[in-house]
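Worksheet for the structure shown next.
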Amino acid sequence: MVRPKAQKKQQSRGVDFKKYKRKLGRKLPPPKNTTNTEIKSKAIILPEQSVASDKAGLALSKKGQSLKELLQQTSHHNVKIRRDALVGVREILLKDPTELKDHKLAIIEKLRERINDDDKVVRETLYQLFKSIILPGCKEENQGALISITMAYIFNAMTHLTLDVRLMAFKFFDLVIQNFPPAFFSYAEQVLENYMDILQKIHFHIEDKSKLKTALSGLLRCLSLLPSNKNGCQSSEQIMSETLVLHAFQIEVPNDPTEHVKIGGKLNDLLHLLVTCFNGLISVVHSQRVLDSHTFDCMLCVLQSIDLVVQNYVHRVSKFQTGLHSPMSFSAAKMSKQERDFPPFLDKLFVVFPIRPLDYLSEKDDQRYLIMNTIISQIYFTLRQQICPSLGLPDEFLNFVVDVLPKIRGVEPSNKALNEKHLVPLVPFIPRLIATVESYQKHALLQAFTTAFKNSYADSLMKMSCLKALEEMLASEEESLYSDSSELETIDYQKTWINETGLLLNIFGKGHPSKLHEVLIFLVRLGQIGLQNNDLVEEYDTLQDKFQTFFCICTDEGERCYGPFMELPEDCQFLSICCLSYFHFMKPDLLSSLALCCLSGSLKPSILTHIVGVVRSSYRNGHVDIADYISFCITLLSQSKIAPEELCTTLEKEAVSSSQKTFRYITNVILTSLIQMGDQSILLQMSESFLFDILSQNLPLENACAVMRILVALDSRPTKLSEESVVKLGNIVLIYMLNIALLFPDHEKEQREFRSSCTCRYYLVPCFHLLNRNIILVKHLLTKMSTQLTQDCPRKIKAAVCLFSMLSMDLKMQKVLSSCKPEVDDILQKLLTTQQSSMTANMNIEQRHMVGGYVESLRKMVGEISGPA
1 MVRPKAQKKQ QSRGVDFKKY KRKLGRKLPP PKNTTNTEIK SKAIILPEQS
51 VASDKAGLAL SKKGQSLKEL LQQTSHHNVK IRRDALVGVR EILLKDPTEL
101 KDHKLAIIEK LRERINDDDK VVRETLYQLF KSIILPGCKE ENQGALISIT
151 MAYIFNAMTH LTLDVRLMAF KFFDLVIQNF PPAFFSYAEQ VLENYMDILQ
201 KIHFHIEDKS KLKTALSGLL RCLSLLPSNK NGCQSSEQIM SETLVLHAFQ
251 IEVPNDPTEH VKIGGKLNDL LHLLVTCFNG LISVVHSQRV LDSHTFDCML
301 CVLQSIDLVV QNYVHRVSKF QTGLHSPMSF SAAKMSKQER DFPPFLDKLF
351 VVFPIRPLDY LSEKDDQRYL IMNTIISQIY FTLRQQICPS LGLPDEFLNF
401 VVDVLPKIRG VEPSNKALNE KHLVPLVPFI PRLIATVESY QKHALLQAFT
451 TAFKNSYADS LMKMSCLKAL EEMLASEEES LYSDSSELET IDYQKTWINE
501 TGLLLNIFGK GHPSKLHEVL IFLVRLGQIG LQNNDLVEEY DTLQDKFQTF
551 FCICTDEGER CYGPFMELPE DCQFLSICCL SYFHFMKPDL LSSLALCCLS
601 GSLKPSILTH IVGVVRSSYR NGHVDIADYI SFCITLLSQS KIAPEELCTT
651 LEKEAVSSSQ KTFRYITNVI LTSLIQMGDQ SILLQMSESF LFDILSQNLP
701 LENACAVMRI LVALDSRPTK LSEESVVKLG NIVLIYMLNI ALLFPDHEKE
751 QREFRSSCTC RYYLVPCFHL LNRNIILVKH LLTKMSTQLT QDCPRKIKAA
801 VCLFSMLSMD LKMQKVLSSC KPEVDDILQK LLTTQQSSMT ANMNIEQRHM
851 VGGYVESLRK MVGEISGPA
């Protein structure tokens, strides 16, 4: 039997870990030793926050930040915070511009630190902030202080190791120059050194031309501020801008000659680098066989910079040669002969001329090569004209000018037509070239220039530039325009110039007074120098047809069509009339057009008298036929409209008085001219019938008086008029004097005042002269007067009595009337009969009393006349 095992006695001891059975899917409870991190709190409501109270009344950004906080954050190490800070500053300055006005120095002092920031976005944001807000808002403030605190950081950035930072510094400097141009001259030497350092890195030109363009555009703006002798077609705004810049320069720049010598030396070194840079870019184009837009822009900036440096070089040389040493020129003692000689390194530029486009390039690329070749030609012509006039004209430059100028086609759509604005800079050099080159070259240039002038459309810069060149040719005396006037080819060119200029009259007359002024100046200058060839004289005379439409023409229906002349400013009208005095013979149609303009009533008195003076001068010089001149004068005096003075208000009377004064002045000028023309009897025979036809048209009193004064001036004592003319004149004088009599007032006192007035005597003097010369005319007049008294109209009776009163007021006429006693007695008898006739029954008592007064007045006057006899 097996013995059972003995059971071990369990020892009682503590349990270290208690194992729990967990069901699947149940979350474990937290350990018992877990710390409870739950915090229970209540909101504390305060009446006011301390931060908000500090910003009360301040301008804040959209994020609630003040300007002070934002300026501090612009120096933060975090790029995003710096960017946001600049955006916030922009928001505040746009929202409240007074912040910039009150804190501009503090703002610029803090923001200038970001000019050499490592982040591109920060630099660009800062640039836009300066460009749009800060610098434009500081133009009226102390510019010197603002520029000085900024330029130190700009120069620091220009020497930065990172190329992008350096290029951005040039953009900042360009921005400063745009707003404060004189700043360039204060830092010119240091700026030019930094630009030259950029240009010396040839590998950079090849790698990234867009960055090179950024630097060159700023350099171009700086060089454009340099004083120069640059010729070209500039607008009045450009001239004013350049004038302001030069005046500012004179104030800002110190008068230290050594400073200008340093700048001049830097410019020479810069010129050398620019030529080298341009040749390097050409090599890049040929190696890569492509001319992209960035490369072209860089090449164009380089050429324009070279042109500006050369212009400044020419300016300095001319200042030295003339002895006019200003702060803008080299000191005479410091400018060596080598500096005044032709820059030798420019030969490296001229040797590549003309730059020829590759065969596979597009038409757009052809235009680009044209622009660059034009600038190189301009540089060469400038140096040749100003520095070395004895230099010949190389065939390359001659062929270029002769080839491109005739290709202008104006406004005609053509793929081969060149954009003429690129060729305009060449035109100012043409006059000097024509005057100095060889004969065979001269004819080629004349042909090219004439074709360009003819083909360019009217309202273009090329047309006006050619016109200025023609005027310069005239100013050089007969050196260029008339030296070969015997050659038919040269004469044809000159005739074309005259004809093309005449076409511009009616084109520019409509809305282009400034351009028309230039055309008229040229025509006047052309007439002043005198045309040495008969063909040219005839060509100039053909301009009369264009001037006729320019002034006024009459249609087939008899309507007047006034040309542009009537709407022009007074100076253009004056020049237009001056051109007429240089015609070899003035046609009747042109005189008619002038007369119509004079009769329009729209011309100022000064222009009206100028027309009369020019026509008179042309007649005296033998350029107007005598019959045409007399017809012009009589037409002018007979058809000019002078308003009746008695029908006008006080204001209108002043205007009428002025028009009467002008008309009477013209009448005196014409009378003086007629008296000086020679034998008056021949003139009377030529114009007698015409004068009587005019006077028989019952003209207004002022016009009739003027025409009668002409008749008096041509007639003599005793009269040379025929009996038939005397009869006609008797009727004319009677009607004329009755019209004067109708001006007499009703009251006797006022009648005496009118009889003694200057107006009454002015109108009556021509009648007295005619009647005093011919007794037959007096008797005929008195006989006609007696017929007026057979009617029962008190008004006509009054006119007859006033007429007799006017005759008796002159002492000489009293003697003439005393010799016509039968006719005078007949007048008195007719008046008495009219008073006593039964026809007076048709009058009322007042009218009868009035007729009785007339009878008594006439009886008294007849008694005074008969007494001395």
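Its first residue numbered 1, the sequence shown is counted upward by one per residue in the UniProt record's numbering. Heads up, the beta-carbon is just placed ideally off N, CA and C, and yes, glycines get one too.
Residue j beta carbon less than 8 Å from that of residue i
i, j, result
"F551", "F565", "yes"
"V314", "Q386", "yes"
"T436", "P394", "no"
"L503", "K546", "yes"
"L212", "C298", "yes"
"L714", "Q676", "no"
"L67", "E109", "no"
"K454", "T496", "yes"
"V712", "L770", "yes"
"Y153", "E189", "no"
"G218", "D164", "no"
"E471", "F397", "no"
"L383", "V424", "no"
"L637", "V707", "yes"
"N774", "V733", "no"
"A145", "A157", "no"
"V519", "A448", "no"
"L223", "S318", "no"
When the options are compared against residue i, the one with the closest alpha-carbon
i, options, result
"K515", "G601, K495 and D571", "D571"
"S658", "P431, K63, H103 and S606", "S606"
"C598", "I611, L590 and M586", "I611"
"N312", "A448, L594, K266 and P182", "K266"
"T787", "L226, V824, L764 and K830", "K830"
"L701", "G530, I740 and C222", "I740"
"R761", "S725, D810 and V801", "D810"
"E91", "L126, L105, H76 and I115", "L126"
"T555", "F449, A157, L596 and V765", "L596"
"I371", "H422, R356, D826 and I355", "H422"
"K63", "S75, V89 and H76", "V89"
"K728", "V290, L695 and R664", "L695"
"L225", "Q72, N499 and L308", "L308"
"I634", "T450, C578, S41 and L691", "L691"
"L135", "F170, M151 and N179", "N179"
"I430", "L445, E420 and E438", "L445"
"L391", "V404, R356, E438 and Q367", "E438"
"H512", "M473, P357 and A458", "A458"
For residue i, the residue or residues it bridges with in DSSP
i, result
"S66", "L60"
"Y380", "BP columns for Y380 are empty, so no partner."
"R560", "C554"
Classification of residue i by the beta-carbon crowding that lies within 10 angstroms, buried from 16 upward
i, result
"S50", "Low confidence applies here, because S50 scores a pLDDT of 48, under 50, leaving its location unreliable; read the following figure in that light. Flag for S50 reads exposed."
"residue 871", "Any property of residue 871 remains undetermined from this structure, which presents the chain solely from 1 to 869."
"N36", "exposed"
"H780", "buried"
"K19", "exposed"
"S819", "exposed"
"C758", "exposed"
"A43", "exposed"
"T672", "exposed"
"S293", "exposed"
"Q200", "exposed"
"N194", "buried"
"L24", "exposed"
"F804", "buried"
"D117", "buried"
"F345", "exposed"
message: With three or more C-beta pairs closer than 8 Å as the rule, is the region 113-123 touching the region 77-88?
response: yes
request  = Inspect the CB distances between the region 685-694 and the region 630-641 and report whether three or more fall short of 8 Å.
outcome  = yes
Requested in this report: Answer yes if the region 528-544 comes into contact with the region 579-588, meaning at least three C-beta pairs across the two stretches below 8 Å, and no otherwise.
Outcome: yes
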